[in-house]
Amino acid sequence: MVCAANHNEYCGNTNRIAVYHFTSAGTSTGPQKCLSTNVANFTLVAAYKNPPDNGPSSVKLKVVLTELVPNIAWGVLSACSTCCSEWPYFSMQNSVFFPQSPTNPTLHASSVSPGDGESPSFVSLNPAFPGAQSYCTVTDIASAAGSPPLLSFGGKADAFSLCTNLTANNRLDVVYSPVTGHPHYTLDSCSPISIQVITGE
147 MVCAANHNEY CGNTNRIAVY HFTSAGTSTG PQKCLSTNVA NFTLVAAYKN PPDNGPSSVK
207 LKVVLTELVP NIAWGVLSAC STCCSEWPYF SMQNSVFFPQ SPTNPTLHAS SVSPGDGESP
267 SFVSLNPAFP GAQSYCTVTD IASAAGSPPL LSFGGKADAF SLCTNLTANN RLDVVYSPVT
327 GHPHYTLDSC SPISIQVITG E
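Under my numbering, the first residue of the sequence shown is numbered 147, with each subsequent residue one higher.
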């Protein structure tokens, strides 16, 4: 965050350590600028920042259905390998994130803004919900040139984690800025990820 006393410097927050990425010139990169707010037909891959010793370094993401009531369906972004999904790929228009259904093109869903500690979620209803305008793609500054862009929410691409959902058969769900004391997961079950936006498949 920007220091209160000097807006040209960055400061940490109470009881937290702040880590910044600096350019070779010694200046902070600050929040990343969006590459695009409009992307058609892409899939998502969660790349672990600290890959597990026994397991993959990345996993595919999809929207899984979490609640269904008459005329309304809710889903969350998940790495659940055994869950079925009506929405295996996505599009983004004007910063709104839309899951896409190849089997049912009329099944529209749109993004809802996640709060800290919550999963990116989506709602499908009639009439259609317009969606939250908070998503874009950004350059992956930690990887080699030519790497896939990253999904960013609210200007942050580095706030996502995969957390074991203890209330959903240990399903591995994406969580934005995990918090302590959450009823669905423990903070130590969360692994930081980058979400790669894969186009052209």
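Note that the Cβ used here is the ideal one computed from N, Cα and C, for glycine as well.
Mark residue i as exposed unless 16 or more other C-beta atoms lie within 10 angstroms of its C-beta, in which case mark it buried.
i, result
"aspartate 319", "buried"
"lysine 179", "exposed"
"asparagine 200", "exposed"
"asparagine 311", "buried"
"alanine 288", "exposed"
"alanine 303", "buried"
"proline 197", "exposed"
"proline 245", "buried"
Using CA atoms only, rank isn't needed, just tell me which of the options is closest to residue i.
i, options, result
"threonine 313", "Ser298, Thr283, Pro329 and Asp262", "Pro329"
"histidine 254", "Glu264, Pro234 and Val343", "Pro234"
"leucine 214", "Val269, Asp334 and Ser237", "Val269"
"serine 259", "Val343, Phe299 and Phe236", "Phe299"
"phenylalanine 261", "Tyr331, Val343, Val325 and Thr332", "It is glycine, not phenylalanine, that sits at residue 261 in the sequence shown. Here the closest residue by C-alpha is Val325."
"asparagine 316", "Tyr331, Gly327 and Asp304", "Tyr331"
"lysine 206", "Phe236, Lys302 and Ala290", "Phe236"
"cysteine 229", "Ser204, Thr212 and Leu333", "Thr212"
"serine 247", "Thr189, Asp334 and Gly346", "Thr189"
"proline 216", "Pro251, Pro273, Ser204 and Leu181", "Pro273"
For residue i, which residues of its own chain have a beta-carbon under 7 Å away from its beta-carbon, when the five flanking residues on both sides are left out?
i, result
"isoleucine 339", "Ala192, Ala193, Tyr194, Lys195, Phe306, Ser307 and Leu308"
"serine 231", "Lys208, Val209 and Val210"
"threonine 183", "Met238, Asn240, Ser241 and Cys282"
"serine 204", "Val191, Ala192, Ala193 and Tyr194"
Give the C-beta separation of residue i and residue j to the nearest angstrom, bearing in mind that I take them to be a contact with Cβ-Cβ under 8 Å.
i, j, result
"alanine 283", "valine 185", "In the sequence on display, residue 283 carries threonine and not alanine. 6 Å between Cβ atoms; contact."
"isoleucine 344", "proline 294", "6 Å"
Return the chain-ordered list of same chain residues with a C-beta closer than 6 Å to the C-beta of residue i, the five sequence neighbours on each side being excluded.
i, result
"phenylalanine 243", "Ser257 and Tyr281"
"glycine 172", "Only weak support exists for where glycine 172 lies, its pLDDT of 47 falling under 50; the value from the coordinates is given anyway. Excluding residues within five positions, none has a Cβ falling inside 6 Å."
Sufficient close CB pairs (3 or more, under 8 Å) joining the region 206-224 to the region 320-329 = A contact exists between the region 206-224 and the region 320-329.
Determine contact between the region 270-280 and the region 332-346, defined as no fewer than three beta-carbon pairs at a distance below 8 Å.
-> The region 270-280, when compared against the region 332-346, does not touch it at the 8 Å Cβ threshold.
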